[in-house]
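If you use my numbering, the sequence shown corresponds to residues 10 to 427, in order.
Report on the following structure.
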Amino acid sequence: MTDTATPKPATPDEQDPFARIRPYHDHEVSEVLVRLEQDRELLDTLTRFRLPGLTQRFPWLARQIARLAIKREMMGVKDVASFQTRIASYMARMIHTTTTSFETVGLERLSEDTPYLFLSNHRDISLDPAFVNYALYRHGRDTVRIAIGDNLLQKPFVTDLMRLNKSFIVPRSAKGKRAMLAAYQSLSGYIRHSLIHDRHSIWLAQREGRAKDGRDGTESAIIKMLTMAARTADKTRPFSESVSELNIVPVSISYEFDPCDLQKARELAAIANEGRYEKVQYEDIQSIAAGISGHKGRVKLVFGEPLKGDFATPDDVVAEVDRQVLQHYTLYPSHQLALEKLAASRPQLRDEPRLAAALDVSAISGAERAVFENRLAGVPSELRDWWLVQYANPILNREGLSIDLDEKLDAAEATAND
């Protein structure tokens with residue numbers, strides 16, 4: 010898991026134009042670790058979680074214990090690879106304690122020597138790329154550089170930790186069209202530089218923000234951004250060539266249960282009922298923690314086929330990415346049982362011929378139904394349908410359908426997103 014880029018000074022100048030957004034290089038790791046050991050906000054965050062009683066009575070002592078704990082955990086970490094090896098041990102423990110299985114399919118079709126742009130559906134803030142990385146690591150392959158929105162980097166220590174883990178920053182907070190254009194040109198340039206010059210793979214979500222309602226679909230703006238650098242360098246170059254050089258591989262990540270499903274239901278309901286949803290401070294960080302620690306049941310990762318061929322427009326690319334993501338998405342009993350619950354009061358679902366197979370739940374065991382019912386029992390009644398629709402939508406997506414909770418079933422593009 011070695012970061013193969015040649016170390017350069019962390020200064021945004023002509024020699025290192027991506028210094029503000031790129032992951033840290035090996036020679037920067039020691040300095041960052043020292044900074045983290047001294048970061049009071051990180052220490053306080055750790056102590057509030059692990060030593061709440063001591064933190065209230067003797068905060069200085071709790072911080073010192075946390076500082077020593079960080080130093081102990083990072084002992085022997087000298088570069089990005091050793092940092093990620095340490096993370097791999099935590100991933101293995103998390104998978105053992107919060108999933109019933111973790112399966113990877115399709116890596117054998119991909120060359121070990123080719124850098125790819127893994128474009129995946131997006132359900133969990135941190136775990137989607139983490140599972141991709143762990144799958145690569147477990148198969149002896151180099152890990153990816155991870156695109157992460159700057160909206161998540163609300164604390165300096167979070168930024169440091171993410172960039173140590175080979176994350177690069179996606180600008181979402183830039184103000185004004187000119188600033189946004191410049192930011193996305195830089196981002197596109199960095200992704201192209203990573204793939205072509207550094208020959209280092211990239212992970213990127215197919216859309217901005219998680220698919221909270223379970224409807225996976227690629228945003229054409231993502232494809233336009235990805236090809237921006239190539240089109241700027243050579244305006245006469247065919248669009249299909251700009252796509253081909255990226256080596257885009259659609260990735261489908263399927264969770265039997267989403268640890269953040271209840272929070273997503275609250276957000277969906279608020280938007281529907283009030284027209285907007287206001288996040289509380291550090292809510293995204295809380296979602297990251299919930300995703301890591303919460304029960305996920307079965308998890309499956311499917312790597313698709315690299316995109317090749319004549320793609321004339323971004324929408325052509327969108328259609329192929331979405332086709333592969335939806336085709337490879339694994340449907341679990343949780344998806345069928347959610348659809349069954351929604352169909353119980355909606356004839357348009359029960360009578361839809363394309364849903365007949367999915368509504369046949371005879372193969373689902375009593376134990377699987379009990380797990381689902383127990384989880385549903387913890388959902389407040391006013392959020393119940395919003396919770397169910399997250400699990401039902403992957404089935405509807407595959408059939409080119411979508412459902413509004415106002416009793417309306419529409420034929421829709423399978424890529425539709427809210």
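For every residue, glycine included, the Cβ atom is placed at its ideal position computed from N, Cα and C.
Predicted model, so just to flag it, every value in this text is computed and none were measured.
In terms of residue numbering, what span does the alpha helix (DSSP H) encompassing residue i cover?
i	result
residue 376	375 to 386
residue 25	No alpha helix (DSSP H) holds residue 25; DSSP gives it neither H nor E.
residue 350	342 to 352
residue 236	229 to 242
residue 48	Run containing residue 48: none; DSSP gives neither H nor E here.
residue 210	Taken as a continuous stretch (DSSP letters only), residue 210 belongs to no alpha helix (DSSP H), as it is neither H nor E.
Identify whether residue i lies in helix, strand or coil by the three-state DSSP scheme.
i	result
residue 193	helix
residue 126	strand
residue 158	strand
residue 363	helix
residue 371	coil
residue 150	coil
residue 216	coil
residue 62	helix
residue 166	helix
residue 407	helix
residue 203	helix
residue 310	strand
residue 422	With a pLDDT of 34 at residue 422, under the threshold of 50, the modelled position of this residue cannot be trusted; read the value that follows with caution. Correct three-state label for residue 422: coil.
residue 322	coil
residue 289	coil
residue 36	helix
residue 56	helix
residue 300	helix
Which residues mark the beginning and the end of the beta strand (DSSP E) in which residue i is found?
i	result
residue 413	410 to 413
residue 176	176 to 179
Round the Cβ separation of residue i and residue j to the nearest angstrom and send it over; I've been treating them as touching at under 8 Å.
i	j	result
residue 126	residue 190	In fact, because the Cβ distance is near 21 Å, the residues do not count as touching under 8 Å.
residue 222	residue 406	10 Å between Cβ atoms; not a contact.
Would you list, in sequence order, the uninterrupted alpha helix (DSSP H) runs of no fewer than 4 residues that lie entirely inside the stretch 81 to 142? 89 to 107
Count the CB pairs spanning the stretch 113 to 126 and the stretch 171 to 179 that are closer than 8 Å, and state whether there are at least three. no
Between the stretch 343 to 358 and the stretch 278 to 287, can you find at least three pairs of beta-carbon atoms closer than 8 Å? no
Could you pull out every unbroken beta strand (DSSP E) segment of at least 3 residues lying fully inside the stretch 248 to 284, listed in chain order? 257 to 264
Tell me whether the stretch 193 to 209 and the stretch 27 to 39 touch, counting them as touching only if at least three CB pairs, one residue from each stretch, are closer than 8 Å. yes
Cβ pair count under 8 Å reaching 3, the stretch 101 to 117 against the stretch 304 to 324: yes
Between the stretch 321 to 338 and the stretch 368 to 378, can you find at least three pairs of beta-carbon atoms closer than 8 Å? Contact fails: fewer than three Cβ-Cβ distances are below 8 Å.
So does the stretch 344 to 363 actually touch the stretch 287 to 296, counting three or more Cβ pairs closer than 8 Å? no
Do the stretch 235 to 243 and the stretch 53 to 72 meet, that is, are 3 or more Cβ pairs less than 8 Å apart? Cβ pair count under 8 Å is below three, so no.
Touching by the beta-carbon criterion (3+ pairs, under 8 Å), the stretch 297 to 307 and the stretch 80 to 87: no
With contact counted as at least three CB pairs below 8 Å, one residue from each stretch, are the stretch 147 to 162 and the stretch 251 to 259 in contact? No, the stretch 147 to 162 is not in contact with the stretch 251 to 259.
For the stretch 140 to 160 against the stretch 316 to 327, do three or more pairs of beta-carbon atoms, one drawn from each stretch, fall closer than 8 Å, so that the two count as touching? no
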